[in-house]
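Residue numbers (my numbering): 417 to 683. Backbone N, C-alpha and C fix where the C-beta goes; we use that ideal spot for every residue, glycine too. Following: one structure in structure tokens, then a few remarks.
Next up, the structure:
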């Protein structure tokens with residue numbers, strides 16, 4: 417079984433490709449469990465069945481709310497040493513101490529983490545100063561290298577290799593243990609989002625793309641006539657799916673997205 421979460425498509429592509437490599441038939445999209453008041457996730461494993469978890473790295477850690485899903489999931493049929501448990505994360509570059517973080521979360525769920533891998537995919541986060549999506553050359557290099565990297569990971573999973581094979585990067589502890597908690601606490605607000613009324617076409621693609629169902633399409637002033645536009649509801653990951661999926665690029669985040677570019681996984 418593979419559990420996966422994806423916002424702009426990178427992790428969805430990786431999860432689907434990995435499933436094909438492994439001949440895995442059970443692929444579970446965790447977006448439904450990211451919404452407010454979602455029921456706890458229940459996982460039932462057969463004897464010796466591997467459990468894989470695929471997700472994107474957000475600021476050198478796990479996406480907001482994602483750890484809660486894993487900590488509170490109900491796992492039936494799991495036996496340490498028999499059910500091999502692995503993680504595969506997608507990242508723009510490095511992941512810090514993510515394996516340590518993920519292992520702790522899985523331990524709370526009563527599961528022993530066996531191995532972790534990371535795969536570089538095109539950047540999607542554009543709100544930090546100096547951050548933008550990859551240029552076309554770098555983007556295409558990552559997309560071309562991804563199938564080979566996934567095949568290598570699949571080979572290791574089949575062999576039930578154990579260990580941490582993620583790309584930590586420089587100052588890994590600082591990034592995951594200091595910057596990531598600050599990011600989750602102070603940089604996942606949706607209050608900065610704004611819509612250009614002249615450009616917005618009210619198509620609802622931002623609403624469909626939002627993994628936490630945080631966007632409603634409403635009239636800006638219900639007492640007046642006007643076209644429908646997105647309105648954020650306060651449960652935001654800062655995954656920027658709404659920003660990237662908008663077909664007319666009508667969504668901005670204050671001045672932080674000015675001059676920045678857009679990306680959706682083309683695979």
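Under 8 angstroms by Cβ, that's how I've got residue i and residue j pegged, so tell me the actual separation to the nearest angstrom.
{"i": "residue 612", "j": "residue 666", "result": "5 angstroms"}
{"i": "residue 622", "j": "residue 631", "result": "5 angstroms"}
{"i": "residue 550", "j": "residue 558", "result": "7 angstroms"}
{"i": "residue 446", "j": "residue 431", "result": "With 8 angstroms as the limit, residue 446 and residue 431 do not qualify as a contact, their Cβ atoms being about 10 angstroms apart."}
{"i": "residue 457", "j": "residue 485", "result": "6 angstroms"}
Who are residue i's beta bridge partners in DSSP?
{"i": "residue 470", "result": "420 and 504"}
{"i": "residue 645", "result": "634"}
{"i": "residue 462", "result": "Bridge partners of residue 462: none, in fact."}
What residue from the options has the CA that sits closest to residue i's CA?
{"i": "residue 581", "options": "448, 505 and 564", "result": "505"}
{"i": "residue 464", "options": "626, 495, 487 and 483", "result": "495"}
{"i": "residue 650", "options": "603, 677, 422 and 662", "result": "603"}
{"i": "residue 479", "options": "521, 498, 679 and 552", "result": "521"}
{"i": "residue 605", "options": "498, 669 and 660", "result": "669"}
{"i": "residue 503", "options": "679, 589 and 427", "result": "427"}
{"i": "residue 626", "options": "601, 608 and 655", "result": "655"}
{"i": "residue 477", "options": "598, 629, 617 and 420", "result": "598"}
{"i": "residue 528", "options": "541, 466, 586 and 569", "result": "466"}
{"i": "residue 471", "options": "673, 614, 543 and 450", "result": "450"}
Does DSSP classify residue i as helix, strand or coil?
{"i": "residue 492", "result": "strand"}
{"i": "residue 667", "result": "strand"}
{"i": "residue 661", "result": "helix"}
{"i": "residue 457", "result": "coil"}
{"i": "residue 588", "result": "helix"}
{"i": "residue 543", "result": "coil"}
{"i": "residue 600", "result": "helix"}
{"i": "residue 613", "result": "coil"}
{"i": "residue 444", "result": "strand"}
{"i": "residue 679", "result": "coil"}
{"i": "residue 534", "result": "strand"}
{"i": "residue 520", "result": "helix"}
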